[in-house]
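Enquirer:
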Amino acid sequence: MHRAPLKARIFAGIAAMLLLCLSAGSAWAVADDYQVRNVMPAGSAIAGVDVGGMTRADASALIEEELVAPLSEPITVRYGDQTFILPAENLVKIDLDTMLAGAFEPKATASLPRRVMVRLTDEQIGDDVPLALSLDEDALDAWLTEVAGQVNRPAVDATASVETTGVVFIAAESGVVLDEQAARAELSLALRTGSKEIDLPVDVTEPSMTDADLGKLMFVSLAERKVYLYNNGELEKSYSIAIGAPGHSTPRGDWEITAKRYMPTWGNPGSAWAENMPATIAPGPNNPLGTRAINISASGIRFHGTTDDASIGRAASHGCMRMHMWDVEDLYDRVEVGIPVYIR
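The working numbering puts the first residue of the sequence shown at 360, with every later residue one more than the last.
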């Protein structure tokens, strides 16, 4: 029987042993790789949460706890004393499977030798996978529309409404309009980052007529025998007056101041009651108009002073509105031509 030379037999033996070792090593590598087939590569993270070395199941549970649950919690949205709750869980969709697959990809795409080498050297081949989150924009817009209906308030113009018993003022008020574009941007950011309290952005609208635009007006109450001077919706001063006697009634209506007369000259109106009086009476103690006269657009009617203080508060004039001298002088300095005068 022919036998191979000793040298050949030794070489063959060494080769066989090497093949056996390689076979055993490969078997070990395959077995070890199988054992860690579901383990995340070292250095991997999902939206900043470290999942390296974790099983898929453990990584999934951690991401649910650290990211999904917090981002699904409701957001408190405030404006003034109003509070609204945004149900984040209805608006946010987080693709956990995609993120886990992305974190596992460096390992899944590596060859077996590469995976074995990484395992032996503890090489960090993982990466930080970004948050895979989508928003239901239509649902967010619908929620904002509902909130806008509760927040929006039109501006109110200042008004003065003259009634029989007096003047009713409505003060100017600024309006509010939800800034839906800014609100959408802030809420979208909060839904993505986990912020849980947001101040609602609004725009303030101003009225076209402010209290200061109302200016001055006068209201004469014939029943009270008083005149009220208002300034920008606030009572500035009131005065007692005498009004027209029966047969010489002070005219009701909407009038305005047409002239201010300092130390006026009285002119005879030609009425029956004045037929025995001179055509004019110069300024002085005998002048029926006193020291000041404030004409209004009603013909022959004015506010004026009197020396007959006892007549104040009574129906005693020929249609004009008599005032104590000190009162008409005070009023004279407070009013201007054009101020409306309402007599009721």
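Each residue gets a CB set at the ideal place from its N, CA and C atoms; glycine is no exception.
Considering only DSSP beta bridges, list what Gly534 is partnered with.
Expert: DSSP, once it has assigned bridges, lists Thr564 as partnering Gly534.
Enquirer: Would you say the region 532-548 touches the region 508-519, given that touching needs at least three Cβ pairs under 8 Å?
Expert: Because the criterion of three Cβ pairs below 8 Å is met, the region 532-548 and the region 508-519 touch.
Enquirer: Are the region 663-671 and the region 683-701 in contact at 8 Å, needing three or more beta carbon pairs?
Expert: Yes: at least three Cβ pairs fall under 8 Å.
Enquirer: Which residue marks the beginning of the alpha helix (DSSP H) containing Ile422, and which one marks its end?
Expert: Its alpha helix (DSSP H) spans residues 415-422.
Enquirer: Need the endpoints of the beta strand (DSSP E) that Trp632 sits in, please.
Expert: It is not in any beta strand (DSSP E) - Trp632 carries neither H nor E in the DSSP assignment.
Enquirer: My guess is that Ala491 and Thr468 are in contact by the Cβ rule of under 8 Å, so how many angstroms apart are they, rounded?
Expert: Not a contact, Cβ separation roughly 19 Å.
Enquirer: Considering only their Cβ atoms, is the gap separating Ile660 from Ile616 smaller than 7 Å?
Expert: For Ile616 and Ile660, no; Cβs fall outside 7 Å.
Enquirer: Measuring straight from C-alpha to C-alpha, what distance separates Gly384 and Leu471?
Expert: With a pLDDT of only 48 at Gly384, under the threshold of 50, the placement of this residue in the model should not be trusted, and no figure is reported.
Enquirer: Could you name the residues of the same chain whose beta carbon sits closer than 7 Å to that of Leu445, not counting the 5 residues immediately before and after it, in chain order?
Expert: Contacts found: Pro433, Ile434, Val436, Trp502, Leu546.
Enquirer: From Ala582 to Glu595, what distance separates their C-alpha atoms?
Expert: About 20 Å.
Enquirer: The beta strand (DSSP E) that contains Ser554, what's its start and end?
Expert: Segment: none, Ser554 is in no beta strand (DSSP E) and carries neither H nor E.
Enquirer: Among the candidates Ala447, Ala460, Val579, whose CA atom is the shortest distance from the CA of Tyr701?
Expert: Minimum Cα distance to Tyr701 is reached at Val579.
Enquirer: How many Å lie between Arg703 and Pro560 at the Cα?
Expert: The alpha-carbon atoms of Arg703 and Pro560 are separated by roughly 47 Å.
Enquirer: For the beta strand (DSSP E) containing Leu594, name the first residue and the last one.
Expert: That run of the beta strand (DSSP E) goes 593-599.
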